[in-house]
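Below you'll find the structure, written out as structure tokens, and then a few comments.
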Amino acid sequence: MASDVKHPTWLPRILRVPPRALRQARAFTRRTLGDTLDRALRVPGWLHPDQAALLCYGAHRCPDGLIVEIGSFKGRSTVFIAKGMKPTNRLHAVDPHLGGTIGSRADVAAAKRLGTDNEFKPDSWSVFNDTLDTWEIKDSVHIIRGYSHDARADWSEPIAMLWVDGDHRYDAVRQDIDDWVPLTCPGALVAFHDTHPNYGSDPGRSVRAAILDSGMLSSGQFETFLELRNLWMMRRVSSMPAARTH
Ligand SMILES: C[S@@+](CC[C@H](N)C(=O)[O-])C[C@H]1O[C@@H](n2cnc3c(N)ncnc32)[C@H](O)[C@@H]1O
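Per our numbering, residue 1195 is the first one in the sequence shown, and the count goes up by one each step.
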């Protein structure tokens, strides 16, 4: 897949994708997006083209029901998920769109305190909306403009696929897992971005550490479905525990 979008090349290759699954994901994505694929890969973002294909294919293969995206930015992953999913799925895209690559509450507060724009600026809201218009996916994407923890307060439905690419700090990832993972249904896919062991300055506080410390995998309720560089996708193999209600 050709792309002029930059993605990190400094990460050693982690490949736990059965070659057949990767071939199927690439073929499905090519078929689904046709000659618009290169244009989709130019939506600004950090997703590697093969990871975009895995999300597109994952959205097609997950159970019927609701898909939740935490962290949409300008809509790169949103497009691939929305284009891949079945008519029996609906995507809920959660992001405050306050600017920055991370845009966490702490980033925004620090920027305000310093009287500067968020270091990474600009706010992603208008571009995100343009992306949904351009790709004609406004009808299949429900936008939740806010932080994931706040959105969880109004949510009780089971989730067929969860894509976590929001605030990457350890405590925030733990919070997203605590909030959202218990709602995933049997067979649901749960994917995280930036999970490479070398991502971030402190391996003990990385996205990967947060996932491992959460006990998702050691509980036996999830198994690794596939892992490609810094995208880690798991599948719920056992039934859903009683979901927490707010
Ligand atoms: C790395 S970007 C997402 C990239 C996007 N998935 C893509 O494919 O281009 C991270 C996004 O997470 C959002 N974000 C930060 N904290 C969040 C939170 N607590 N809940 C939801 N989104 C959050 C930021 O506003 C930012 O747009």
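All C-beta atoms in this analysis are idealised placements derived from N, C-alpha and C, irrespective of residue type, glycine included.
Residue i to residue j, Cα distance in whole Å?
i	j	result
L1231	S1266	19 Å
T1328	N1392	35 Å
S1413	R1368	15 Å
Q1245	A1404	21 Å
G1252	E1330	20 Å
S1318	S1408	30 Å
Q1415	M1427	14 Å
L1420	V1211	5 Å
D1289	P1380	26 Å
Regarding residue i and ligand 1, is the C-beta to nearest heavy atom distance less than 6 Å?
i	result
F1386	no
D1153	Past the boundaries of the shown model lies residue 1153; the chain is included only from 1195 to 1440, so the question cannot be answered.
I1264	yes
What is the DSSP secondary structure of residue i, reduced to helix, strand or coil?
i	result
I1331	coil
V1321	helix
R1402	helix
V1367	helix
R1284	strand
W1204	Any reading at W1204 must be qualified, since the residue scores a pLDDT of 48, below 50, and its modelled position is unreliable; no value is offered.
Does the distance from the CB of residue i to the CB of residue j come in under 7 Å?
i	j	result
G1278	H1242	no
G1239	R1214	no
S1342	D1359	no
A1445	A1287	No answer is possible for residue 1445: it lies beyond the span of the chain, which begins at 1195 and ends at 1440.
T1325	K1268	yes
For the alpha helix (DSSP H) containing residue i, list its first residue and its last residue.
i	result
E1267	Per the sequence shown, the amino acid found at residue 1267 is Phe instead of Glu. Where F1267 is concerned, there is no enclosing alpha helix (DSSP H), given that its DSSP letter is neither H nor E.
D1253	First, the amino acid is wrong: residue 1253 is Ala here, not Asp. Residues 1243-1255.
A1343	Ala is not the amino acid found at residue 1343; the sequence shown has His there. H1343 -> alpha helix (DSSP H) spans 1342-1346.
R1236	That residue, R1236, is in no alpha helix (DSSP H); it is neither H nor E in DSSP.
P1376	First-last for P1376: undefined, no H or E at that position.
R1225	1213-1227
Quick check on the DSSP output: the beta strand (DSSP E) that includes residue i runs from which residue to which?
i	result
A1354	1353-1358
Taking CB distances under 7 Å as the criterion, tell me whether residue i reaches chain B.
i	result
D1258	Any reference to chain B falls outside this structure, which holds one protein chain only.
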